[in-house]
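Visitor: So the protein sequences, as listed, match chains A and B.
Residue 105 in numbering that gives the first Met the number 0 is what sits at position 106 of the first sequence, and the numbering runs on without skipping anything.
Residue 104 in numbering that gives the first Met the number 0 is what sits at position 105 of the second sequence, and the numbering runs on without skipping anything.
Virtual Cβ for every residue (Gly too), placed ideally from N, Cα, C.
Predicted model, so just to flag it, every value in this text is computed and none were measured.
If you scroll down you'll find the structure; I have some questions about it.
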Amino acid sequence: MNARAKVGAAILAAWIALLATGCSSTTDTVDQALRESSSAVASARLALELYTRDTATLALADTSLGDALTELDGAQSEVSELEATGASESRDKQRALDGIRSGVDAVGAAREQLSNGSASGLADAVDALEAAQTTLDAAGGAR
Amino acid sequence: MKRLFAVALGILTAIGGFVDIGDLVTNAVVGSRFGLGLVWVVLVGVIGICLFAQMSGRVAAVSGRATFEIIRERLGPRAAVANLGASFLINLMTLTAEVGGIALALQLATSVEPMLWMPLAAFGVWIVVWRAKFSILENVTGLLGLSLIVFAVALFLLKPDWSGLAAQAVTPQVPAGEESPTYWYYAIALFGAAMTPYEVFFFSSGAIEEKWTVKDLSQSRSNVLVGFPLGGLLSIAIAACAAVVLMPRSIDVTSLSQVVLPVAEAGGKVALAFVIVGILAATFGAALETTLSSGYTLAQFFGWSWGKFRRPVKAARFHLTMIICLLLGLGVLFTGVDPILVTEYSVVFSAVALPLTYLPILIISNDPQYMGRHVNGRLTNGLGLVYLGIILVASLAAIPLMIITGAGA
Numbered sequence: 000m001n002a003r004a005k006v007g008a009a010i011l012a013a014w015i016a017l018l019a020t021g022c023s024s025t026t027d028t029v030d031q032a033l034r035e036s037s038s039a040v041a042s043a044r045l046a047l048e049l050y051t052r053d054t055a056t057l058a059l060a061d062t063s064l065g066d067a068l069t070e071l072d073g074a075q076s077e078v079s080e081l082e083a084t085g086a087s088e089s090r091d092k093q094r095a096l097d098g099i100r101s102g103v104d105a106v107g108a109a110r111e112q113l114s115n116g117s118a119s120g121l122a123d124a125v126d127a128l129e130a131a132q133t134t135l136d137a138a139g140g141a142r
Numbered sequence: 000m001k002r003l004f005a006v007a008l009g010i011l012t013a014i015g016g017f018v019d020i021g022d023l024v025t026n027a028v029v030g031s032r033f034g035l036g037l038v039w040v041v042l043v044g045v046i047g048i049c050l051f052a053q054m055s056g057r058v059a060a061v062s063g064r065a066t067f068e069i070i071r072e073r074l075g076p077r078a079a080v081a082n083l084g085a086s087f088l089i090n091l092m093t094l095t096a097e098v099g100g101i102a103l104a105l106q107l108a109t110s111v112e113p114m115l116w117m118p119l120a121a122f123g124v125w126i127v128v129w130r131a132k133f134s135i136l137e138n139v140t141g142l143l144g145l146s147l148i149v150f151a152v153a154l155f156l157l158k159p160d161w162s163g164l165a166a167q168a169v170t171p172q173v174p175a176g177e178e179s180p181t182y183w184y185y186a187i188a189l190f191g192a193a194m195t196p197y198e199v200f201f202f203s204s205g206a207i208e209e210k211w212t213v214k215d216l217s218q219s220r221s222n223v224l225v226g227f228p229l230g231g232l233l234s235i236a237i238a239a240c241a242a243v244v245l246m247p248r249s250i251d252v253t254s255l256s257q258v259v260l261p262v263a264e265a266g267g268k269v270a271l272a273f274v275i276v277g278i279l280a281a282t283f284g285a286a287l288e289t290t291l292s293s294g295y296t297l298a299q300f301f302g303w304s305w306g307k308f309r310r311p312v313k314a315a316r317f318h319l320t321m322i323i324c325l326l327l328g329l330g331v332l333f334t335g336v337d338p339i340l341v342t343e344y345s346v347v348f349s350a351v352a353l354p355l356t357y358l359p360i361l362i363i364s365n366d367p368q369y370m371g372r373h374v375n376g377r378l379t380n381g382l383g384l385v386y387l388g389i390i391l392v393a394s395l396a397a398i399p400l401m402i403i404t405g406a407g408a
């Protein structure tokens, strides 16, 4: 092996090592998905609160809720595709999926209330989002 | 009086034109996750862009030729191809992100899906590039972009704990729940956002469009040395708003709608209207600049006739390049890729390409054959070398950090 080939092999080995480091475990993926979901629900809640206080427009609130749903859908797909090995990982995966689903339901319901426009319905939606965030944070903390 | 007005206008448009989708998103992401712990990177980035933009403007004003024309002549086709390849691809990525950003800003105003706005945004960019005068397109978008000052106003209205913010900025730390590689990954992204290559090429080509001469050097300097740092303050205000409103709620920024929530919280619907106008102007202005830059880089490299000062029929290949680039960007966006994701990648890849962009500028601005007595002084060269070191480190570390952190996840 000449010097140039040696350098090439060393670079290749370094890249493989990096890729191996970069590959995330099931635990990391679940943690990440829960964090993203909690953030999305918190964001939806803030947007809805601003709308109920008449400091945000309907367009902004609707867009924020839509973005939150996209984020939650992404997190749900990520966790669903995970191959859990062992009972503990299966339990974690299920707990995460339940938490994310509660977020999807709460944001979906909030978007419906937004289009209906009833003040009491919006207040309930804010409460439901808060509960969903608590569930998500608990699912993250329980791990 | 006329001169003073021109200087003031130049500075104001430099401030308004400093922020683009990359700055908006990256500063908000960083603010929501690291508070003001990465403000130092904005400072380093702003000094760097000032340094190289004024070098590149000086090259254009003194030699009467744009940077790319000279790079090929001075460094030969091989080095120029590396420079062109890196700059052109990053520019195309940035153009895609900016057109997506226009669509996202319009969505904030209307809640209509961005996909429906994208063709209209690209058409709007093309028609303005085709029809509007260079000075008009630069000044109108730059001045409207000043609406983003609402981020600074919002920060005051939020009545933050100033000492807490100052402590975050002065003694940067990696917050609990974040890791060092992620912190450094975002440091590079922020650096790439501040030093986006297209800004320098646009500045240099713009100097030719506006027929700058040596007499205009002081105005060029004031535009850069006053306008860009004030633009940098806007970037810090965006990060600070996110740090004050989003960080305590554990909201990580992944969409443009989240970037504006702190402004709505602070100033209600009026402030929201200002910020949407500002984002629209900033992204539209940057889309114009990146579209023009794509034409400038290719035309200057191949020696084609170029420039807004020529009628389109006299610079057909220059205009055709811009149309093709807009269509390519639109094609990428139509795949359904998230424009925010394109933005995040574009700023990191900007950092990767920085040495290929900035080293040739440093070499040319030291060449007395082109610059005469206006070559770089010792201080500029010293700083230039320090920055080349920083740029090289950022460039080499960007991809490994992207892999290790899962692109900052």
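Would you please verify whether the beta carbon of B/Ile70 is less than 8 Å from any beta carbon of chain A?
Guide: Counting from one through the second sequence, the residue named residue 70 of chain B turns up at place 71. Cβ-Cβ to chain A under 8 Å: no for B/Ile70.
Visitor: Answer with buried or exposed for B/Ile135, where buried requires no fewer than 16 other C-beta atoms within 10 angstroms of its C-beta.
Guide: Start at 1 with the first residue of the second sequence, and residue 135 of chain B comes out as number 136. Exposed is the call here.
Visitor: Shorter than 7 Å, the distance from the beta carbon of A/Val103 to the closest heavy atom of the ligand MG, or not?
Guide: Ligands in the displayed structure: none, and consequently the ligand MG is not present.
Visitor: So, is the C-beta of B/Gly438 closer than 8 Å to a C-beta in chain A?
Guide: No answer is possible for residue 438 of chain B: it lies beyond the span of chain B, which begins at 0 and ends at 408.
Visitor: Name, going along the chain, the residues of the segment 103-135 of chain B whose beta-carbon falls closer than 7 Å to a beta-carbon of chain A.
Guide: Those would be Gln106, Leu107, Ala108, Thr109 and Ser110, in chain order.
Visitor: What is the residue span of the alpha helix (DSSP H) that A/Asp97 lies within?
Guide: On the first sequence, position 98 is the one that residue 97 of chain A refers to. Segment Ala86 to Asn115, the alpha helix (DSSP H) holding A/Asp97.
Visitor: So, B/Ala263 versus A/Ala55, is the Cβ gap smaller than 8 Å?
Guide: Within the second sequence, numbered from 1, the residue matching residue 263 of chain B stands at position 264. Within the first sequence, numbered from 1, the residue matching residue 55 of chain A stands at position 56. Cβ atoms of B/Ala263 and A/Ala55: closer than 8 Å.
Visitor: Does any CB atom of chain B fall closer than 8 Å to the CB of A/Leu128?
Guide: Taking the first residue of the first sequence as position 1, residue 128 of chain A is located at position 129. For A/Leu128, the answer is no, since every Cβ of chain B falls outside 8 Å of its Cβ.
Visitor: Who are the Cβ neighbours of B/Ala102 in its own chain at under 6 Å, not counting the five residues just before and after it?
Guide: Sequence index remark: in the second sequence, residue 102 of chain B carries index 103 (1-based). Taken in chain order, the residues that qualify are Pro113, Trp116, Met117 and Ala120.
Visitor: So within the segment 265-338 of chain B, which uninterrupted beta strand (DSSP E) runs reach at least 3 residues, ignoring any that extend past its ends?
Guide: Runs of the beta strand (DSSP E) inside the segment 265-338 of chain B: none found.
Visitor: Beta-carbon separation of B/Ser110 and A/Asp61 under 8 Å?
Guide: Within the second sequence, numbered from 1, the residue matching residue 110 of chain B stands at position 111. Within the first sequence, numbered from 1, the residue matching residue 61 of chain A stands at position 62. It is a contact, given that the beta carbons lie within the stated cut-off.
Visitor: Are the Cβ atoms of B/Lys307 and B/Glu208 separated by less than 8 Å?
Guide: Within the second sequence, residue 307 of chain B is the residue found at index 308, counting from 1. Within the second sequence, residue 208 of chain B is the residue found at index 209, counting from 1. Cβ distance < 8 Å, so B/Lys307 and B/Glu208 count as in contact.
Visitor: Decide if B/Pro180 is buried, meaning its Cβ has at least 16 other Cβ atoms within 10 Å, or exposed.
Guide: As a working mapping, residue 180 of chain B is identified with position 181 in the second sequence. Classification of B/Pro180: buried, given that the 10 Å Cβ count is 16 or more.
Visitor: Closest Cβ-Cβ distance between A/Gln31 and chain B: below 8 Å?
Guide: Start at 1 with the first residue of the first sequence, and residue 31 of chain A comes out as number 32. Chain B, which has a Cβ nearer than 8 Å to the Cβ of A/Gln31, makes this yes.
Visitor: Below 8 Å on the Cβ atoms is my guess for B/Asp22 versus B/Thr282; work out the distance and round it to an integer in Å.
Guide: The sequence position of residue 22 of chain B within the second sequence is 23, counting from 1. The sequence position of residue 282 of chain B within the second sequence is 283, counting from 1. Going by Cβ atoms, the distance from B/Asp22 to B/Thr282 rounds to 11 Å, so no, they are not a contact pair.
Visitor: Would you identify the three-state DSSP class for A/Leu49, choosing helix, strand or coil?
Guide: Against the first sequence, residue 49 of chain A aligns to sequence position 50. The answer is helix: DSSP assigns A/Leu49 an H, G or I state.
Visitor: Within 10 angstroms of the Cβ of B/Asn375, are there 16 or more other Cβ atoms? Answer buried if so, exposed if not.
Guide: Along the second sequence, read from residue 1 onward, the residue named residue 375 of chain B stands at position 376. The residue is buried, with at least 16 neighbouring Cβ atoms inside 10 Å.
Visitor: Residues in its own chain within less than 6 Å of A/Gly139 by CB, not counting five upstream and five downstream?
Guide: The residue given as residue 139 of chain A occupies position 140 in the first sequence. Same-chain partners within the cutoff: Leu33.
Visitor: Mind pulling the chain B residues with CB within less than 9 Å of A/Thr133?
Guide: Position 134 of the first sequence, counted from the first residue, corresponds to residue 133 of chain A. By Cβ distance, chain B contributes nothing, its closest Cβ being about 12 Å from A/Thr133, past 9 Å.
Visitor: Please identify the residue among B/Trp305, B/Ala236, B/Leu353 and B/Cys324 whose C-alpha is closest to the C-alpha of B/Ala165.
Guide: Working through the second sequence from its first residue, we reach residue 165 of chain B at position 166. The shortest Cα separation from B/Ala165 among B/Trp305, B/Ala236, B/Leu353 and B/Cys324 belongs to B/Ala236.
Visitor: Indicate whether B/Phe190 and B/Ala315 have their beta-carbon atoms separated by less than 8 Å.
Guide: Locating residue 190 of chain B in the second sequence gives position 191, where the first residue counts as 1. Locating residue 315 of chain B in the second sequence gives position 316, where the first residue counts as 1. Their beta carbons are not under 8 Å apart, which means B/Phe190 does not touch B/Ala315 by this criterion.
Visitor: Whole angstroms are fine: how far does the CA of B/Ala239 sit from the CA of B/Gly34?
Guide: Taking the first residue of the second sequence as position 1, residue 34 of chain B is located at position 35. Taking the first residue of the second sequence as position 1, residue 239 of chain B is located at position 240. Answer to the nearest angstrom: the Cα atoms are 7 Å apart.
Visitor: Using 8 Å as the limit for Cβ to Cβ distance, is A/Asp104 near chain B?
Guide: Within the first sequence, numbered from 1, the residue matching residue 104 of chain A stands at position 105. No, because no Cβ of chain B sits closer than 8 Å to the Cβ of A/Asp104.
Visitor: For the alpha helix (DSSP H) containing B/Pro196, name the first residue and the last one.
Guide: As a first step, residue 196 of chain B is located in the second sequence; it is residue number 197 there, counting from the start. That run of the alpha helix (DSSP H) goes Pro196 to Glu208.
Visitor: Just by C-beta distance, which residues in the segment 79-94 of chain A are closer than 7 Å to chain B?
Guide: If the cut-off is 7 Å between Cβ atoms, the segment 79-94 of chain A has nothing near chain B.
Visitor: Going by Cα to Cα distance, which pick from A/Thr25, A/Asp72 and A/Leu81 is closest to A/Ser37?
Guide: Counting from 1 along the first sequence, the entry for residue 37 of chain A is found at position 38. The residue with the shortest Cα to Cα distance from A/Ser37 is A/Asp72.
Visitor: Can you round the beta-carbon distance between B/Val24 and B/Thr290 to whole angstroms, since I take them to be within the 8 Å contact cut?
Guide: Numbered from its first residue, the second sequence carries residue 24 of chain B at position 25. Numbered from its first residue, the second sequence carries residue 290 of chain B at position 291. Contact flag wrong, Cβ pair sits at about 20 Å.
Visitor: According to DSSP, is B/Ile69 helix, strand or coil?
Guide: Here residue 69 of chain B is taken as the residue at index 70 of the second sequence, counted from 1. Here B/Ile69 sits in helix by DSSP.
Visitor: Would you tell me roughly how many angstroms separate the C-alpha atoms of A/Leu64 and A/Ser101, rounded to the nearest one?
Guide: Taking the first sequence and counting its residues from 1, the one referred to as residue 64 of chain A is at position 65. Taking the first sequence and counting its residues from 1, the one referred to as residue 101 of chain A is at position 102. Their Cα atoms are separated by approximately 15 Å.
Visitor: Which residues in the same chain have their Cβ closer than 7 Å to the Cβ of A/Glu35, if we skip the five residues on either side of it in sequence?
Guide: In the first sequence, counting from the first residue as 1, residue 35 of chain A sits at position 36. Closer than 7 Å at Cβ, skipping near neighbours: Glu70 and Ala74.
Visitor: Within 10 Å of its beta-carbon, does B/Asp215 have 16 or more other beta-carbons around it, so buried, or fewer, so exposed?
Guide: In the second sequence, the residue the question calls residue 215 of chain B occupies position 216. Result: buried.
Visitor: Check whether the Cβ atoms of B/Phe51 and B/Tyr357 sit closer than 8 Å, and answer yes or no.
Guide: Position 52 of the second sequence, counting from 1, holds the residue named residue 51 of chain B. Position 358 of the second sequence, counting from 1, holds the residue named residue 357 of chain B. Yes. Within cutoff.
Visitor: Quick one: is A/Leu45 buried, meaning 16 or more other Cβ sit within 10 Å of its Cβ, or exposed?
Guide: Counting from one through the first sequence, the residue named residue 45 of chain A turns up at place 46. With 16 or more other Cβ atoms within 10 Å, it is buried.
Visitor: Chain A beta carbons: is any one of them nearer than 8 Å to that of B/Ser256?
Guide: Stepping through the second sequence from its first residue, residue 256 of chain B is reached at position 257. It does; some Cβ of chain A falls within 8 Å.
Visitor: Is there a Cβ of chain B sitting closer than 8 Å to that of A/Ala74, yes or no?
Guide: Stepping through the first sequence from its first residue, residue 74 of chain A is reached at position 75. With 8 Å as the cut-off, A/Ala74 does not count as an interface residue toward chain B.
Visitor: Do you know offhand how far A/Val125's Cα is from B/Ala188's?
Guide: Locating residue 125 of chain A in the first sequence gives position 126, counting from the first residue. Locating residue 188 of chain B in the second sequence gives position 189, counting from the first residue. When rounded, the distance between both Cα atoms is 34 Å.
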